[in-house]
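Everything below concerns the one structure shown next.
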Amino acid sequence: MAKYVCVNQETCISCGSCGAIAPEVFDYDDSGLAYVHLDGNEGRSEVPEDLHDDVDDACEECPTDSIKTSDEPILVPKD
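Under this note's numbering, the first residue of the sequence shown carries the number 9, and numbering increases by one thereafter.
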């Protein structure tokens, strides 16, 4: 099954857990906010299957529930 992911940067508190759990998926911008570096946090690129468990773990550990996953592209609106 496909998996897509994005981070809501408006609720991210830069705790660092997602990057520690899944560094192949998450990174941090100049402000320290997490984002999905697979596609610039757009929610359009499919997560490689071997990283699904890491993404699920990062989602569960996010203290602000800022990580969103879906089985379809999320299509994050641009500012």
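Where a beta carbon is used, it is the ideal one built from N, C-alpha and C, also for glycine.
In whole angstroms, give me the CA-to-CA distance for residue 79 and residue 48. Position 71 of the sequence shown holds residue 79. Position 40 of the sequence shown holds residue 48. Near 18 Å, if we compare the C-alpha coordinates of residue 48 and residue 79.
Could you please give me the residues that DSSP links to residue 78 through a beta bridge? Counting from one through the sequence shown, the residue named residue 78 turns up at place 70. In the DSSP assignment, the residues bridged to residue 78 are 12.
In the structure shown, what three-state DSSP assignment does residue 35 receive? Position 27 of the sequence shown holds residue 35. Three-state result, residue 35: strand.
How would you call residue 30, buried or exposed, if buried means at least 16 neighbouring beta carbons within 10 angstroms? What you label residue 30 is simply residue 22 of the sequence shown in a count that begins at 1. Flag for residue 30 reads buried.
Assigned secondary structure, residue 44 (DSSP; H/G/I helix, E/B strand, else coil): Translated into positions along the sequence shown, residue 44 becomes position 36. Strand at residue 44.
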